[in-house]
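Shown next, in structure tokens, is the structure this report addresses.
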Amino acid sequence: MSELRVAEDGRYIGGDIPFGYTLWGDRLVEVPAELDACVTVIRLVKQGRDYSAIAEAVRAEHAVKISRRQFDALLESVYRRYGPI
């Protein structure tokens, strides 16, 4: 995984694009369904559900697939910013 790099003016200049975002030209833009899925992921992690159950719930509730890599990166990002879930 490579660290996301964004210029001061907001342009994407490299690194992994986080789950919940996509590139539009040289800018990161939100993907609403994926951002909603992020909320579901965090809620289910707090309930003690495992990756398989969470991935299935996200697919059923939001019609979004989240890979194990995306799942792990999301949790790592939340942990770095807010501490343990």
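Position 23 (the sequence shown) corresponds to 12 in our numbering; numbering is contiguous.
Backbone N, C-alpha and C fix where the C-beta goes; we use that ideal spot for every residue, glycine too.
DSSP three-state assignment for residue i, whether helix, strand or coil
i: R38; result: coil
i: E(-8); result: coil
i: V53; result: coil
i: F60; result: helix
Residue i burial status per 10 Å Cβ neighbour count (16 or more: buried)
i: L12; result: exposed
i: V18; result: exposed
i: I43; result: buried
i: Q36; result: exposed
Identified DSSP bridge partners for residue i
i: R16; result: R0 and W13
Minimum C-alpha distance to residue i - residue among the options
i: E23; options: L17, I55 and Y68; result: I55
i: P21; options: E45, P7, G(-1) and G14; result: P7
i: A(-4); options: Y10, D15 and R38; result: D15
Whole-Å CB distance - residue i paired with residue j, under 8 Å assumed
i: L63; j: V28; result: That pair is no contact at about 11 Å.
i: V53; j: A26; result: 5 Å
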